[in-house]
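Reading through the structure tokens given below for one structure.
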Amino acid sequence: MSGWRRAILVCLTLCLVRAVVPEGGGVATAAEASRLQSGWTAASVTSASPVQLFDVVRGQVIRSLPNSPIFRRTGESWIASIRGAWGGFRLDPTSGYVLKVPFEPPLNVNNGWYRGDVTELYVMWDPATPHDTRLMLMGRGGSPRMFTIGAEAGAFVEQLRRE
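In mature numbering (1 follows the signal peptide of the UniProt record, and there is no 0), the protein residues as written are -19 to -1, 1 to 144.
Below you can see the structure in the form of structure tokens.
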């Protein structure tokens, strides 16, 4: 499968998967969600679409968590750390993780790299290449834009993976 097709399939999979994931699919249990929420201020959890962590090798969502302001703030910091447009030939990750963060309401971005509303953010991080973190922003029209970022996303992704 070509690189673009695979990346689009990964993103579409994450777009289509909502809070209900089959039993054993890695969705946070009520106890895990409660622990996460209590650590990240339970009162601030929103009814927005869940944040999802996709394991590229396994080909499935391994964690689905309630969206909260911490994810929005973290996404904003990743956007602020954009170093440039991603100019690689292959978009699709072959290993690592893809973190989907939906923004409801959309996040308005106006920097040197992107102008407009962002409805979803995807962080592609691979422990094998930790300094090659890619960020995909989805606008209202559904058109993706790929960037490289300077922020360290690995610790955040690993924390979500282990929760």
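Each residue gets a CB set at the ideal place from its N, CA and C atoms; glycine is no exception.
For the pair of segments examined, the stretch 71 to 90 was found to touch the stretch 42 to 61: the number of CB pairs separated by less than 8 Å reaches three. Under the rule that a run must span 4 or more residues, the alpha helix (DSSP H) segments found entirely inside the stretch 49 to 104 read 50 to 61. Valine 138: member of the alpha helix (DSSP H) spanning 135 to 143, first to last residue.
Each residue's CA atom was taken as its position, placing tryptophan 106 and methionine 117 some 11 Å apart. According to DSSP, valine 37 shares a beta bridge with no other residue. Where threonine 129 is concerned, the enclosing beta strand (DSSP E) starts and stops at 125 to 130. Taking C-beta atoms as the reference points, phenylalanine 128 and alanine 66 count as a pair closer than 9 Å. Pro108 is the residue among Ser124, Gly93, Pro125 and Pro108 whose C-alpha sits nearest the C-alpha of valine 37. The beta-bridge partner set that DSSP reports for arginine 115 consists of Met105 and Thr129. Distance between leucine 80 and tyrosine 103, taken at the CA atoms: about 5 Å. The bridge partners DSSP lists for serine 45 are Gln33. Per the DSSP secondary-structure output, glycine 120 pairs in a beta bridge with Val99. Counting only residues of its own chain and dropping the five nearest sequence neighbours on each side, serine 62 has a CB closer than 7 Å to the CB of Ile130, Gly131 and Ala132. In this structure, arginine 126 sits away from tyrosine 78, with a CB-CB distance that is not shorter than 9 Å.
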